[in-house]
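Everything below concerns the one structure shown next.
In our numbering, the protein residues as written are 192 to 451.
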């Protein structure tokens, strides 16, 4: 298990706010594995370290894992200054959970919510290249040249994207449906890649993250993940590409992840 700051672990367990937990640590009322800690920072593993606050054992928070079919217009955040609906509002539970990665407000589909920081890092860090699959409804018909460009990688402001797996599900003159799998998380990446090959996105839905599938989960509904699903997410992914990391960014470009 990845180690976290002691005050964060205490706050997650409901002891007090993070700032108040820092004050408790500095006051010398917290012990870790039998030793008083009275300085910061201190890093602990909530699952294996013995933590006492005022002589009482700190119970580690239960690890929670949910799959949500995010509706359009919902923000992947724990709060929104503009007052828009956020994903955590759709997954009521006592423990604090948060979204693993992001989908932009207009994109629907699979999002994972958890309080497991290690799994979150595993699924979002570029090093692991966890594949994510989307189905896009686009304007017009994509040609073979466009498909080949997507498969080889598209030049965006941040650099060249990694290779994508592409499958045309339905081709029409006015509208087409495309399945695309990528292993990166650049800002609105799928939309930008498809626009770059001349087929702007009308609707976008994420259908899988690694081996986890959206399946028939209704829009706006959530379900807990099974142990086998969590184990599959924690295992090494079978990425669809090698060398997915984009090339060096041009100066002045931004690469903040905002979803697809």
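All residues carry an ideal CB built from backbone N, CA and C; glycine is no exception.
For clarity, every value in this text was computed on a predicted model and none was experimentally measured.
For the beta strand (DSSP E) containing residue 378, list its first residue and its last residue. Where residue 378 is concerned, there is no enclosing beta strand (DSSP E), given that its DSSP letter is neither H nor E.
By the DSSP assignment, the beta strand (DSSP E) with residue 226 in it spans what residues? 226-228
For residue 337, does the three-state DSSP call read helix, strand or coil? helix
Report the residue from 355, 239, 368, 363 whose alpha carbon sits nearest the alpha carbon of residue 396. 368
Could you compute how far the alpha carbon of residue 302 sits from the alpha carbon of residue 226? 40 Å
Can you check DSSP and say which residues form a bridge with residue 241? BP columns for residue 241 are empty, so no partner.
At 4 residues or longer, what runs of the alpha helix (DSSP H) sit wholly inside the region 275-340? 308-315
In whole angstroms, give me the CA-to-CA distance for residue 357 and residue 221. 54 Å
Name the DSSP bridge partner or partners of residue 347? 350
Got a sec? Which residues, its chain only, sit under 8 Å from residue 364 by beta carbon, not counting five neighbours each side? 331, 332
Of all the options 201, 254, 215, which has the alpha carbon lying nearest to the alpha carbon of residue 418? 254
Buried versus exposed call for residue 272 [16 or more other C-beta atoms within 10 Å across all chains shown]: exposed
Looking at C-alpha atoms only, which residue of 224, 334, 213, 274 is the closest neighbour of residue 480? For the chain, the structure presents residues 192 to 451; residue 480 sits outside this window and is missing.
Where residue 368 falls: helix, strand or coil (DSSP): strand
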